[in-house]
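Novice:
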Amino acid sequence: MKTFFKLMALVLLLNVIRYVAGFPLEAWLLFDRMGSAMERSATYFNSSFTLFDWVTSYSYNFVMWFACVWIFHIAHPSMAGHAVIKSLKIFGILFLFFASVSAIYMNHYSHPKDFYLYSVADGLIVFALVGTINGLVYKYFFEK
2 MKTFFKLMAL VLLLNVIRYV AGFPLEAWLL FDRMGSAMER SATYFNSSFT
52 LFDWVTSYSY NFVMWFACVW IFHIAHPSMA GHAVIKSLKI FGILFLFFAS
102 VSAIYMNHYS HPKDFYLYSV ADGLIVFALV GTINGLVYKY FFEK
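Reading the sequence shown from the start, the letters are residues 2 to 145 in this note's numbering.
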């Protein structure tokens, strides 16, 4: 149970860093393009988020990052290299899963295809950021 709470604390920290450091990067690189795609297909997007929508979105993201950190926690002992490299390898594989699911939705379910391409690019940014930070701070939670 102690490991679970350490994983939870690590994921909370990663989420804070993801939004504090990731949001400016996303805004600078992608938000204008994503916003334009959403405006062109306004009927496909919920643009009036309620508090419940924000809580739900954050919860989904928290679960996704928890799964990534949990997989890293299980897999990293069998990998060679620096902790950041190990983390980027694992988060990279998980990014590929994220990107493939996004591509499925892009290909089958969504009219604004460029939005999902930007979503995949956004995923690349945040998976790389969170994977790097995880590799840097993981030892403070789990190494003696």
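Cβ atoms here follow ideal geometry from the backbone N, Cα and C, with glycine treated the same way.
Would you mind stating whether residue 43 and residue 130 have Cβ atoms separated by less than 8 Å?
Specialist: Translated into the one-based positions of the sequence shown, residue 43 becomes position 42. Translated into the one-based positions of the sequence shown, residue 130 becomes position 129. The answer is no: Cβ separation not under 8 Å.
Novice: Between residue 96 and the rest of its own chain, which residues show a CB-CB distance below 7 Å, the 5 nearest in sequence each way excluded?
Specialist: Indexing the sequence shown from 1 puts residue 96 at position 95. Taken in chain order, the residues that qualify are 124, 125, 128.
Novice: Decide yes or no for the touch test of the stretch 26-38 against the stretch 85-93: beta carbon pairs closer than 8 Å, at least 3 of them.
Specialist: No, they do not touch.
Novice: Sorted by chain position, which residues of the same chain lie with C-beta nearer than 6 Å to residue 77's C-beta, five sequence neighbours on each side aside?
Specialist: Residue 77 sits at position 76 when you count from the first residue of the sequence shown. Result list for residue 77: 87, in chain order.
Novice: Return the CA-CA distance between residue 65 and residue 38, expressed in angstroms with no decimal places.
Specialist: Residue 65 sits at position 64 when you count from the first residue of the sequence shown. Residue 38 sits at position 37 when you count from the first residue of the sequence shown. Looking at the two C-alpha atoms, the distance is approximately 25 Å.
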